[in-house]
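First up is the structure itself, then whatever we jot down about it.
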Amino acid sequence: MQDLLGLEDLTAREIDELLDLAQALREVVDRPIKKVPTLRGRAVVNLFFEPSTRTRSSFELASKYLSADVINFSGSHSSVQKGETIWDTAQNLTALGVDAVVVRHGTSGVPRQLADLLRVPVINAGDGSHEHPTQGLLDLLTVRQCKGTISGLKVAIVGDVLHSRVARSDLFGFRALGAEVTLVGPPALMPDSFAGPGVRITHNLAEGMRGADVVQVLRIQRERQAGGYIPSLEEYRERWGITRHRLQWADADVVVLHPGPQNRGVEIDSDVLDGESSRVLSQVTNGVAVRMAVLYRLLGGTYDEPR
Amino acid sequence: MAILLDADAMRRALVRIAHQIVEKNQGIDDLVFVGIRRRGVPLAERIAQSVALSEGRRPSVGVLDIGLYRDDWARRPFAPVEATTFREPIDGKIVVLVDDVLFTGRTVRAAIDALLDFGRPRVIQLAVLVDRGHRELPIRADYVGKSTPTARSEKIRVLVREVDGLDQVELVKRPEGGA
Chain A
1 MQDLLGLEDL
11 TAREIDELLD
21 LAQALREVVD
31 RPIKKVPTLR
41 GRAVVNLFFE
51 PSTRTRSSFE
61 LASKYLSADV
71 INFSGSHSSV
81 QKGETIWDTA
91 QNLTALGVDA
101 VVVRHGTSGV
111 PRQLADLLRV
121 PVINAGDGSH
131 EHPTQGLLDL
141 LTVRQCKGTI
151 SGLKVAIVGD
161 VLHSRVARSD
171 LFGFRALGAE
181 VTLVGPPALM
191 PDSFAGPGVR
201 ITHNLAEGMR
211 GADVVQVLRI
221 QRERQAGGYI
231 PSLEEYRERW
241 GITRHRLQWA
251 DADVVVLHPG
261 PQNRGVEIDS
271 DVLDGESSRV
281 LSQVTNGVAV
291 RMAVLYRLLG
301 GTYDEPR
Chain B
1001 MAILLDADAM
1011 RRALVRIAHQ
1021 IVEKNQGIDD
1031 LVFVGIRRRG
1041 VPLAERIAQS
1051 VALSEGRRPS
1061 VGVLDIGLYR
1071 DDWARRPFAP
1081 VEATTFREPI
1091 DGKIVVLVDD
1101 VLFTGRTVRA
1111 AIDALLDFGR
1121 PRVIQLAVLV
1131 DRGHRELPIR
1141 ADYVGKSTPT
1151 ARSEKIRVLV
1161 REVDGLDQVE
1171 LVKRPEGGA
């Protein structure tokens, strides 16, 4: 493994290894002194061309807990505004001596192109509507902690599947580890291209949630209303919002996930979000552990040589 | 391949170490064992068991993975890290680190660094089943099952029932220049 571009590229074994590593590193996040010397003397750049607080902070803390040095580079206050291309920006950053690049970009495929260009590992922190692999991994880790295993679980991913990189990473990850995935959402927000082995598509919320062990609630972006994909946020909630009542369609021990930031009272009601089935705060903590695992995996050791 | 310790000799060595630990610390108050993953952990469990037989109470055994504290991580193949767990805080405790083989001392250095990130033990002591020499750091063991001179090219293999299915310590001669 040289880069982390998407979960679609990974085997079940590689995913499991990353989850095991993240589970072990989770202990560091829970320590009173959250610091291990592992990546001392390494530098990581967070190259974010889209606004992000949560993911960037999570990557930043993951690097810092492993003792790497971090620089944050945001597309809106930088040489990019002076006309520099992203490729030149990235090459200049690696010429500064950066050992890994974490990149978020609004266009799908930018991390892969950067990975082809750069000699250092590239980690995809979300690209367009393609993938958000560390989010997929943290969802898998959170579910594995609750259920013990992923294999055989019924997973419903509800909402704007079409525009969601989280949905894609979740789909690839959960399917690779043997879960049955159901994609649920309005027809206008549901691509047909996802149909395939281990994946079911439905436009009926009750049917999609029936007996689900996991419900991943996707964020509905307000701009979708302007784009004509949904009539209004009120109407979206009316038909697709996860309410306490609708949660009863799922398994009694259902785990509710949301990648955040949440629109309370739109795609998910407050009493579900704050309720006993919700694991959204574990997701956030696990996110740091997962990102530590990815950094350790890509920067730690000459991993591709035989022992 | 030569057998340095068979199962009986190993058992006796661990029982002796257990008695020495109790004697040196004048009892088992504040005593905590910490096994260095992987084979240090079952050895620590057995020493704790021996202590329990003579003292009537079993000290707790923590598990330490030093993967995050290695000084040679960039030169080694990727190795997965497993969880470090202590059953009780180590602040103010007498921590006995347990490992299978003491060689360069670098593993113990890493283990001490790791321990200190979890708290401030009153004392850290070191128990090893085999001391084979060739230290690269100023580190020595407080309790040793067997001291044996070795050539650098040789390898000590410690097999434990819990991991390998049998108890045995072997000295493996390797061809010159072999890795």
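Just so you know, the protein sequences line up as chains A and B, in that order.
For the first sequence, the numbering used here assigns the number 1 to the initial residue and increments by one for each residue that follows.
For the second sequence, the numbering used here assigns the number 1001 to the initial residue and increments by one for each residue that follows.
In this text, a Cβ means the ideal position worked out from N, Cα and C, and glycines have one as well.
Fair warning: this is a prediction, and the values are worked out from it, not measured in the lab.
So T11 (chain A) contacts chain B; which residues on that side make the cut at Cβ distance below 7 Å?
Within 7 Å Cβ-Cβ: nothing; T11 (chain A) doesn't reach chain B, min ~15 Å.
Three-state class that DSSP yields for N124 (chain A) in the structure shown:
strand
Range covered by the beta strand (DSSP E) that runs through R104 (chain A):
A100 to H105
Nearest to P1089 (chain B) by alpha carbon, out of B:P1138, B:G1040 and B:R1122?
B:R1122
Taking Cβ-Cβ distances below 9 Å as the criterion, which residues of the segment 17-37 of chain A are in contact with chain B?
E17, D20, L21, Q23, A24, L25, R26, E27, V28, R31, P32, I33, K35, V36 and P37
May I have the straight-line CA-CA distance separating A250 (chain A) from R222 (chain A), to the nearest angstrom?
27 Å
Using a Cβ distance threshold of 8 Å, determine whether the segment 157-164 of chain A contacts the segment 186-194 of chain A, with at least three qualifying pairs required.
yes
Contact residues within the segment 1115-1146 of chain B, judged by C-beta distance below 9 Å to chain A:
D1117, F1118 and G1119
Listing by chain order, which chain A residues have their CB less than 7 Å from the CB of T1107 (chain B)?
Chain A residues near T1107 (chain B): none, gap ~15 Å exceeds 7 Å.
Over the uninterrupted beta strand (DSSP E) stretch that includes V1063 (chain B), give me the two end residues.
V1061 to L1064
Using a Cβ-Cβ distance under 9 Å, would L141 (chain A) count as near chain B?
no
Distance check for Q216 (chain A) and D271 (chain A), CA to CA, integer angstroms please.
16 Å
Cβ of P1080 (chain B) within 9 Å of any chain A Cβ
yes
Beta-carbon neighbours of L1097 (chain B), restricted to chain A and to distances below 8 Å:
The contacting residues do not exist; L1097 (chain B) stays about 18 Å from chain A at best.
Of all the options B:F1033, B:V1095 and B:G1119, which has the alpha carbon lying nearest to the alpha carbon of R1058 (chain B)?
B:F1033
Could you check the C-alpha separation between G128 (chain A) and T107 (chain A) for me, to the nearest Å?
4 Å
For G1178 (chain B), count the other beta carbons within 10 Å of its own beta carbon; 16 or more makes it buried, fewer makes it exposed. Which is it?
With a pLDDT of 47 at G1178 (chain B), under the threshold of 50, the predicted position of this residue should be treated as unreliable, though the coordinate-derived value follows. G1178 (chain B) is exposed by the Cβ-count criterion.
Pull up the CB-CB distance for L1031 (chain B) and V1096 (chain B), whole angstroms please, since I reckon it's below 8 Å.
7 Å
Return the Cβ separation of L1043 (chain B) and D1113 (chain B) in integer angstroms, given the expectation that the two are a contact with Cβ distance under 8 Å.
Actually they are not in contact, since the Cβ atoms of L1043 (chain B) and D1113 (chain B) sit about 21 Å apart, beyond 8 Å.
Within 8 Å, do at least three Cβ pairs link the segment 116-124 of chain A to the segment 197-207 of chain A?
no
If you measure between the beta carbons of R54 (chain A) and F48 (chain A), is that distance less than 9 Å?
no
Would you identify the three-state DSSP class for S232 (chain A), choosing helix, strand or coil?
coil
Between which two residues does the beta strand (DSSP E) containing T348 (chain A) stretch?
Outside the shown range of chain A (1 to 307) lies residue 348 (chain A), about which nothing can therefore be said.
Neighbourhood of S58 (chain A) by C-beta distance below 7 Å, restricted to the same chain and skipping five residues each side:
G287, V288 and R291
Which runs of the beta strand (DSSP E) fall wholly inside the segment 231-301 of chain A and span at least 3 residues, in chain order?
255-257
Going straight from the alpha carbon of Q262 (chain A) to that of Q135 (chain A), what length do you get?
15 Å
On the three-state DSSP scale, how would you describe Q216 (chain A)?
strand
I'd like the list of long-range same chain contacts for F73 (chain A), defined as Cβ closer than 8 Å, with 5 residues on each side in sequence excluded.
V45, N46, L47, F48, T89 and L93
Would you list the one or two residues that DSSP bridges to G1035 (chain B)?
B:V1063 and B:V1098
In chain order, what residues of the same chain lie with their CB nearer than 8 Å to the CB of Y303 (chain A), ignoring the 5 residues before and after it?
Unreliable placement is indicated for Y303 (chain A), whose pLDDT of 41 sits below 50; the coordinate value is still reported in the next sentence. Closer than 8 Å at the Cβ level, and outside the excluded window around Y303 (chain A), lie M1 and R297.
Around the C-beta of M1010 (chain B), are 16 or more other C-beta atoms found within 10 angstroms, so that it is buried, or is it exposed?
buried
Relative to the C-alpha of G126 (chain A), which candidate in A:R104, A:A167 and A:A115 has its C-alpha closest?
A:R104
Classification of D170 (chain A) by the beta-carbon crowding that lies within 10 angstroms, buried from 16 upward:
buried
Kindly list the residues whose CB is nearer than 6 Å to the CB of A1002 (chain B), restricted to its own chain and excluding five residues on each side of it in sequence; keep chain order.
L1171
Compare the Cα-Cα distances from A1110 (chain B) to each of B:H1134, B:K1093, B:I1139 and B:E1154 and report the closest residue.
B:I1139
Taking just the CA atoms, how far does T142 (chain A) sit from T1148 (chain B)?
48 Å
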